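Taking it in order: structure first as structure tokens, then the write-up.
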Amino acid sequence: VGGKGNEGVASYVKQIKGSIGYVELAYALQNGMPYTAMQNAAGNWVAPSAETFAAAAASADWASAKDFNLVITNAPGEQAWPITATNFMLMQKQPKDAKRNQDTLAFFKWAFENGQAQANELHYVPLPAELVKQIEAYWATDLK
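Under this note's numbering, the final residue of the sequence shown carries the number 387; numbering is consecutive throughout.
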């Protein structure tokens, strides 16, 4: 079923007998919702977890993706969760206020260096270390 956000989907799933919906793992865990294992691209049955999300992110070829625009749904990893998505920020390459961009980048650098524990607590997966290096190199050359 489709609904607006985690709460909307969850509401429909609770109301419609036999329905299936997709919400963030953190939301499902916080609300005691059941979830299932799925067969991934490698043919393995995997459950949603930090480990299977990380496996999907680690199997991606980030270096070849222009501006990191890469869909990792059904990633090829042996333990990759098949419905994994990434969240990235969008910034102007030629901003009107360069200081504001620099402040934003400083915040994200801090998050990369200090936010791993909070990401884990929320059942999100920190970006792979190699990807963080690629992003920081991109900032240095593509964002002013």
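Note that beta-carbon positions come from the ideal geometry of N, C-alpha and C, so glycine has one too.
These figures come from a predicted structure and were not determined experimentally.
Exercise. Between E294 and the rest of its own chain, which residues show a CB-CB distance below 8 Å, the 5 nearest in sequence each way excluded?
Worked result: Along the sequence shown, read from residue 1 onward, the residue named residue 294 stands at position 51. Leaving aside the five residues that flank E294 on each side, the residues in its chain whose CB is nearer than 8 Å to its CB run, in chain order, Q322.
For this session: Let me know if L333 comes out buried or exposed under the rule of 16 or more other beta-carbons within 10 Å of its beta-carbon.
Result: Translated into the one-based positions of the sequence shown, residue 333 becomes position 90. So L333 counts as exposed.
For this session: Using only alpha-carbon positions, find the residue among A328, A308, W305 that is nearest to N317.
Result: Locating residue 317 in the sequence shown gives position 74, counting from the first residue. Taking the Cα of N317 as reference, the smallest distance to any Cα among A328, A308, W305 is reached at A328.
For this session: For Q359, name the three-state secondary structure that DSSP assigns.
Result: The residue labelled residue 359 in the question sits at position 116 within the sequence shown. Helix, per DSSP.
Exercise. Between the beta-carbon of M276 and the beta-carbon of A253, is there less than 8 Å?
Worked result: Stepping through the sequence shown from its first residue, residue 276 is reached at position 33. Stepping through the sequence shown from its first residue, residue 253 is reached at position 10. Going by C-beta atoms, M276 is nearer than 8 Å to A253.
For this session: Write down the C-beta distance between A372 and P319 rounded to the nearest angstrom, noting that I regard them as a contact closer than 8 Å.
Result: Mapped onto the sequence shown, residue 372 falls at position 129. Mapped onto the sequence shown, residue 319 falls at position 76. Separation of the CB atoms of A372 and P319 is rounded to 20 Å, and the pair is thereby denied contact status at 8 Å.
Exercise. Quick one, which of Q377, Y270, Q359, G246 has its alpha-carbon nearest A308's?
Worked result: Position 65 of the sequence shown holds residue 308. A308 has its Cα closest to that of Q377, out of Q377, Y270, Q359, G246.
For this session: Would you give the residue range spanned by the alpha helix (DSSP H) that I378 belongs to?
Result: Residue 378 sits at position 135 when you count from the first residue of the sequence shown. 372-385 is the span of the alpha helix (DSSP H), which, as asked, contains I378.
Exercise. Do you know offhand how far L344's Cα is from A300's?
Worked result: Position 101 of the sequence shown, counted from the first residue, corresponds to residue 344. Position 57 of the sequence shown, counted from the first residue, corresponds to residue 300. Sequence inspection shows Asn at residue 344; the Leu mentioned does not correspond to that position. Between the C-alpha atoms of N344 and A300 there is a straight-line separation of about 26 Å.
Problem set entry | Unbroken alpha helix (DSSP H) run spanning A297, endpoints | As a working note, residue 297 is residue 54 in the sequence shown. Taken as a continuous stretch (DSSP letters only), the alpha helix (DSSP H) holding A297 covers 293-302.
Problem set entry | Spatial distance of P338 from T347 (CA atoms) | For the purposes of this step, residue 338 is taken as the residue at position 95 of the sequence shown. For the purposes of this step, residue 347 is taken as the residue at position 104 of the sequence shown. The alpha-carbon atoms of P338 and T347 are separated by roughly 12 Å.
For this session: Tell me, to the nearest whole angstrom, how far the beta carbon of Y255 is from that of G264; I am working on the premise that it is less than 8 Å.
Result: The sequence position of residue 255 within the sequence shown is 12, counting from 1. The sequence position of residue 264 within the sequence shown is 21, counting from 1. Indeed, because the Cβ distance is near 6 Å, the residues count as touching under 8 Å.
Exercise. Under the DSSP definition of a beta bridge, which residues are partnered with M281?
Worked result: Counting from 1 along the sequence shown, the entry for residue 281 is found at position 38. Answer by DSSP bridge pairing, in chain order: V289.
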